[in-house]
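Sequential numbering of the first sequence, starting at 871, is according to my numbering.
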Amino acid sequence: MPDSPFSRRVLRVVARIPRGRVVAYGDVAALAGRPGAARAVGQVMRRAAIPGLPYHRVVAAGGLLGGFGRWPHVKAQLLAAEGLTIRRGRIAGFGNHRWQP
DNA sequence: AGTTTGACAGCAC
DNA sequence: TGTGCTGCCAAAC
Numbered sequence: 871m872p873d874s875p876f877s878r879r880v881l882r883v884v885a886r887i888p889r890g891r892v893v894a895y896g897d898v899a900a901l902a903g904r905p906g907a908a909r910a911v912g913q914v915m916r917r918a919a920i921p922g923l924p925y926h927r928v929v930a931a932g933g934l935l936g937g938f939g940r941w942p943h944v945k946a947q948l949l950a951a952e953g954l955t956i957r958r959g960r961i962a963g964f965g966n967h968r969w970q971p
């Protein structure tokens, strides 16, 4: 488990995303105390790869799916399993399913 | 210590 | 609507 302060905050935020809700990388960055560090958030999660964390609930801006390592389709699958509708790589009604603490 | 690397974001075409 | 380019940031080399 990554030990840098930033990494811990990012992972902590991701851990508390409720089931069936999603957030943008940029939002996670802001919640982690580093607005604008959206790209770094993805970097941290990719490297951390901690089992049990709902990484699939973190999407790109505008409800785009964004990346998910080598298995982008799994991300869509997991989100669909939580009741979300994915259409052409985007989350339908992103604004409604978006998580805000 | 400087450079490269991405699970990004926003804007210009 | 879709593609491309630029700016950004933390971590790995």
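Just so it is clear, CB atoms sit at the ideal spot from N, CA and C, and this is done for glycine as well.
Limits of the alpha helix (DSSP H) - the one that residue i falls within
| i | result |
| --- | --- |
| Arg879 | 875 to 885 |
| Gly965 | 964 to 967 |
Integer Cβ distance of residue i from residue j, believed to fall under 8 Å
| i | j | result |
| --- | --- | --- |
| Arg879 | Ala902 | 4 Å |
| Val884 | Pro924 | 6 Å |
| Gly890 | Gly953 | 5 Å |
Beta bridge counterpart(s) of residue i as assigned by DSSP
| i | result |
| --- | --- |
| Ala894 | Val929 |
| Arg916 | DSSP output for Arg916 lists no bridge partner at all. |
| Arg957 | Arg960 |
Q.
Restricting to runs no shorter than 3 residues, where is the beta strand (DSSP E) found entirely within the segment 918 to 947?
A. none
Q) Is the segment 926 to 938 close to the segment 959 to 969, with three or more CB pairs under 8 Å? A) yes
Q: Tell me, please, whether the segment 941 to 949 touches the segment 905 to 912 by the rule of three or more beta-carbon pairs shorter than 8 Å.
A: no
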